[in-house]
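A.B. asks: Starting off with a structure, shown below.
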Amino acid sequence: MSSGPLARLGPPLVTFVAGVGLGELAIRALDVSPLILPRPSAVLAAALAESASLLPALAATARAVLVGLALSSTLGIAAAVALAASPWIQRAFYPYAIFFQIVPIVAIAPLLVIWFGYGSRAVVAAAFVVSVFPVIANTLAGLRSVDPALRDLFRLHRASGLAALWKLRLPWALPYLLTGLRIAAGLAVIGAIVGEFVGGGGLGVIVLGAMRQQRTDLVFAAVAYASGLGLALFAAVGLASRIALRHWHASEGDR
Amino acid sequence: MEDPPSRGIALALEAVHRTFRSTAGGDVAALAGIDLCVAAGSFVALLGPSGCGKSTLLRLVAGLDRPERGVVRLRPGAPGGDVAMVFQDAHLLPWRDVLANVALPLELLGRPRAERLPLAEQTLARVGLGDALRRHPAELSGGMRMRVSLARALVTAPRLLLLDEPFAALDELTRMALDDELRRLWREAGLTVLFVTHSIAEAAYLAERVVVLSRRPARVVLDHEVALPAERTAALRAEPAFAREIGVLQEALRRGAALA
Numbered sequence: 001m002s003s004g005p006l007a008r009l010g011p012p013l014v015t016f017v018a019g020v021g022l023g024e025l026a027i028r029a030l031d032v033s034p035l036i037l038p039r040p041s042a043v044l045a046a047a048l049a050e051s052a053s054l055l056p057a058l059a060a061t062a063r064a065v066l067v068g069l070a071l072s073s074t075l076g077i078a079a080a081v082a083l084a085a086s087p088w089i090q091r092a093f094y095p096y097a098i099f100f101q102i103v104p105i106v107a108i109a110p111l112l113v114i115w116f117g118y119g120s121r122a123v124v125a126a127a128f129v130v131s132v133f134p135v136i137a138n139t140l141a142g143l144r145s146v147d148p149a150l151r152d153l154f155r156l157h158r159a160s161g162l163a164a165l166w167k168l169r170l171p172w173a174l175p176y177l178l179t180g181l182r183i184a185a186g187l188a189v190i191g192a193i194v195g196e197f198v199g200g201g202g203l204g205v206i207v208l209g210a211m212r213q214q215r216t217d218l219v220f221a222a223v224a225y226a227s228g229l230g231l232a233l234f235a236a237v238g239l240a241s242r243i244a245l246r247h248w249h250a251s252e253g254d255r
Numbered sequence: 001m002e003d004p005p006s007r008g009i010a011l012a013l014e015a016v017h018r019t020f021r022s023t024a025g026g027d028v029a030a031l032a033g034i035d036l037c038v039a040a041g042s043f044v045a046l047l048g049p050s051g052c053g054k055s056t057l058l059r060l061v062a063g064l065d066r067p068e069r070g071v072v073r074l075r076p077g078a079p080g081g082d083v084a085m086v087f088q089d090a091h092l093l094p095w096r097d098v099l100a101n102v103a104l105p106l107e108l109l110g111r112p113r114a115e116r117l118p119l120a121e122q123t124l125a126r127v128g129l130g131d132a133l134r135r136h137p138a139e140l141s142g143g144m145r146m147r148v149s150l151a152r153a154l155v156t157a158p159r160l161l162l163l164d165e166p167f168a169a170l171d172e173l174t175r176m177a178l179d180d181e182l183r184r185l186w187r188e189a190g191l192t193v194l195f196v197t198h199s200i201a202e203a204a205y206l207a208e209r210v211v212v213l214s215r216r217p218a219r220v221v222l223d224h225e226v227a228l229p230a231e232r233t234a235a236l237r238a239e240p241a242f243a244r245e246i247g248v249l250q251e252a253l254r255r256g257a258a259l260a
């Protein structure tokens, strides 16, 4: 079995091209209004024609997403380490961490704008709020699942708590953390776009503007850019975990 | 033949009790008044049915757990690195290569880097893994992983080695090879070995003395000096003297299982 990039990327590419082609034909044949559903070729044309505004918007959204993700991974890991410190701390605080999971981001985005003002800080905050929970929950699960025999080994050699954290518990939690980050990456894009609806800037504003001008093709183009961003982040985290875990985790590596 | 004074640790357990709270709410006695003395430099096997409290006993000796009543004494006392433990599976750090896994105890004890790697390398050579230093645990067979685990335990030159059914998950041939290796390492290093097993043949083959425990709560059913030569080879397993030892231990194990 070959498992080169072609074998992995080929099938989804073929289905993508076929799906887009079929869509194009169907929309033409059914004569659907471009206000409802523009042809893929029209979306592509809009994406190219408006690239002067789309590309800087993509860059702004990407920057907010990356900063939000950086915040949610650092603060999320720190929160998980603190929660794992004792069952009491976990019992007292974990229910409130779940707040980040259930908070309706659309509803609190205006609040974030009130707190952080219009612009990128509110957008970063929105990306952070929706993406931090999977990092906390997964890292915590990893920290709590450390092999008891290895804990014993560290205790037997009088390892300090810091040494155990650094040399055993955090590396042990790494695969869990990376799974959490993969989920967080997609959520951060959603959070940023919603944040931009309210706080301004980036692809979110393009989507809103295009909607008001009834430029459905441009809405689709902006959505495509945003999806591309999410996909790229997802792939980047996947690549990072493949590299980080290539030696040791059954789910990764080339055996 | 082990005439020179051993550098091993002597061990004394007096009336040791340990009870656990079960998930159902009741108390389960794991150890109910264990008395046990182990001479410095000896090789003692603890033989008992699965779940009889053998592992609890080892954890008490290692200082990883405390008895409710009774005392566990190590003579001389054990500063870090003097007691080493080998678990039922290899339990290596999967992200570290073989060399770094074996160097881990030295690292935790704060030995300087320049000292750690050569020591780890030498220890790996002693268990026959001198050429696998850079491989990762996922690339090794079960037997090789257990050798790495053994090297990790020996790298600090411990004076008391505790083994908790270390070879139970391995196939018969690998297990016999590791038995021979362990005996050789013990005779070279002059340390005290406490070996927990549920295999009668393994206990008889390895140990100078076998302590048979009853089923839970564990009590000593038989304390038996193994009447076999110090030089043990695979051929011994076929000899009548070996079969006699097996018979004695089997009978004691059966008696222990019948105890309520």
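Chains A and B supply the protein sequences, listed in that same order. For the record, in the first sequence the residue sitting at position 162 is 162 according to this note's numbering, with numbers rising by one throughout. For the record, in the second sequence the residue sitting at position 191 is 191 according to this note's numbering, with numbers rising by one throughout. No residue lacks a Cβ here, since even glycine has one placed at the ideal position from N, Cα and C.
Using a Cβ-Cβ distance cut-off of 7 Å, determine whether Trp248/A contacts chain B.
C.D. replies: Answer yes: the Cβ-Cβ gap between Trp248/A and chain B drops below 7 Å somewhere.
A.B. asks: Would you decide whether Gly51/B is buried or exposed? Buried here means 16 or more other CB atoms lie within 10 Å of its CB.
C.D. replies: Gly51/B comes out exposed.
A.B. asks: In angstroms, rounded to a whole number, what distance separates the CA positions of Gly81/B and Lys167/A?
C.D. replies: When rounded, the distance between both Cα atoms is 18 Å.
A.B. asks: If the cut is a Cβ gap below 8 Å, which residues of chain A does Val83/B touch?
C.D. replies: By Cβ distance, chain A contributes Leu156.
A.B. asks: Which whole-angstrom value describes the C-beta separation of Phe192/A and Val123/A, a residue pair presumed to lie in contact below a C-beta threshold of 8 Å?
C.D. replies: According to the sequence shown, residue 192/A is Ala rather than Phe. The Cβ separation is near 5 Å, so the contact holds.
A.B. asks: Is the shortest distance between the beta-carbon of Glu252/A and the beta-carbons of chain B less than 7 Å?
C.D. replies: Low local confidence applies: a pLDDT of 47 at Glu252/A is under 50, so the model's placement there is unreliable, and no value is given.
A.B. asks: Please list the segments of the alpha helix (DSSP H) lying wholly inside the stretch 31-102 of chain A, counting only runs of 4 or more residues, in order along the chain.
C.D. replies: Listed in chain order, they are 40-49, 51-84, 87-102.
A.B. asks: Which residue's Cα is closest to the Cα of Gly199/A: Ala127/A, Pro38/A, Pro175/A, Thr15/A?
C.D. replies: Closest option to Gly199/A, Cα to Cα, is Ala127/A.
A.B. asks: Compare the C-beta of Leu108/B against all C-beta atoms of chain A and say whether one is closer than 7 Å.
C.D. replies: With 7 Å as the cut-off, Leu108/B counts as an interface residue toward chain A.
A.B. asks: Between Ser55/B and the rest of its own chain, which residues show a CB-CB distance below 6 Å, the 5 nearest in sequence each way excluded?
C.D. replies: Around Ser55/B: Asp164.
A.B. asks: Helix, strand or coil for Leu253/B per DSSP?
C.D. replies: Leu253/B: helix per DSSP, three-state reduction.
A.B. asks: For Val211/B, which residues in the same chain have their Cβ closer than 8 Å to its Cβ, ignoring the five residues on either side in sequence?
C.D. replies: Contacts found: Leu36, Val44, Ala45, Leu46, Leu47, Val220, Leu222, Asp223, His224.
A.B. asks: Assuming Leu119/B and Leu106/B make a contact with CB atoms under 8 Å, what is their CB distance in whole Å?
C.D. replies: Confirmed, Cβ separation roughly 6 Å.
A.B. asks: Using a Cβ-Cβ distance under 7 Å, would Trp95/B count as near chain A?
C.D. replies: Yes, Trp95/B counts as interfacial toward chain A.
A.B. asks: So Arg28/B and Val72/B are supposed to be a Cβ contact under 8 Å. How far apart are they, rounded?
C.D. replies: Before going further, note that residue 28/B is Val rather than Arg in the sequence given. About 20 Å separates the two Cβ atoms, so there is no contact after all.
A.B. asks: If you draw a straight line from the C-alpha of Ser73/A to the C-alpha of Arg134/B, how long is it?
C.D. replies: Going from the Cα of Ser73/A to the Cα of Arg134/B covers about 31 Å.
A.B. asks: What is the DSSP secondary structure of Asp3/B, reduced to helix, strand or coil?
C.D. replies: Interpretation of Asp3/B is limited by its pLDDT of 48, a score under 50 that renders its predicted location unreliable; no figure is taken from the coordinates.
A.B. asks: Please name the residues in the stretch 53-65 of chain B whose beta-carbon is closer than 8 Å to at least one beta-carbon of chain A, in chain order.
C.D. replies: So the list reads Arg59, Ala62, Gly63, Leu64, given in the order they occur along the chain.
A.B. asks: What three-state label does DSSP hand Ile246/B in the structure shown?
C.D. replies: If DSSP states are grouped into helix, strand and coil, Ile246/B belongs with the helices.
A.B. asks: Check the Cβ of Phe87/B against every Cβ in chain A and list those closer than 7 Å, keeping chain order.
C.D. replies: What Phe87/B touches in chain A: Ala149.
A.B. asks: Quick one: grab the DSSP three-state call for Arg232/B.
C.D. replies: Coil at Arg232/B, not helix or strand.
A.B. asks: Any beta carbon of chain B sitting closer than 7 Å to that of Ala141/A?
C.D. replies: No, no contact with chain B.
A.B. asks: What do you reckon, are the CB atoms on Val86/B and Pro137/B nearer than 7 Å?
C.D. replies: It is not a contact, given that the beta carbons lie outside the stated cut-off.
A.B. asks: When DSSP builds the beta bridges, which residues end up paired with Asp73/B?
C.D. replies: According to the sequence shown, residue 73/B is Arg rather than Asp. For Arg73/B, which the question treats as bridged, DSSP gives the partners Ala12/B.
A.B. asks: Report the partner residues of Asp27/B according to the DSSP bridge assignment.
C.D. replies: DSSP, once it has assigned bridges, lists Arg21/B as partnering Asp27/B.
A.B. asks: Rounded to a whole number of angstroms, what is the C-alpha to C-alpha distance between Glu208/B and Thr192/B?
C.D. replies: Rounded to the nearest angstrom, the two C-alpha atoms are 11 Å apart.
A.B. asks: Helix, strand or coil for Arg135/B, going by three-state DSSP, please let me know.
C.D. replies: Note: Arg135/B maps to coil in three-state DSSP.
A.B. asks: Pro105/B touches chain A at which residues, Cβ-Cβ below 9 Å?
C.D. replies: Ordered by position in chain A, the residues that pass the 9 Å Cβ test against Pro105/B are Leu153, Leu156, His157.
A.B. asks: How about Thr61/A and Leu203/A: do their beta carbons lie closer than 7 Å?
C.D. replies: It is a contact, given that the beta carbons lie within the stated cut-off.
A.B. asks: When DSSP labels each residue in this structure, what does Arg255/A get in the three-state scheme?
C.D. replies: Residue confidence for Arg255/A is low, a pLDDT of 36 falling below 50, so the modelled location carries little weight and cannot support an answer.
A.B. asks: Alpha carbon to alpha carbon, what distance is there between Leu206/B and Leu117/B?
C.D. replies: If I take the Cα positions, the gap works out to 30 Å.
A.B. asks: Since Ala45/B sits in a beta bridge, which residues does DSSP pair it with?
C.D. replies: Ala45/B pairs with Phe195/B, Val210/B.
A.B. asks: For Ala173/A, return the contacting residues in chain B, with the cut-off set at a CB-CB distance below 8 Å.
C.D. replies: Within 8 Å Cβ-Cβ: nothing; Ala173/A doesn't reach chain B, min ~11 Å.
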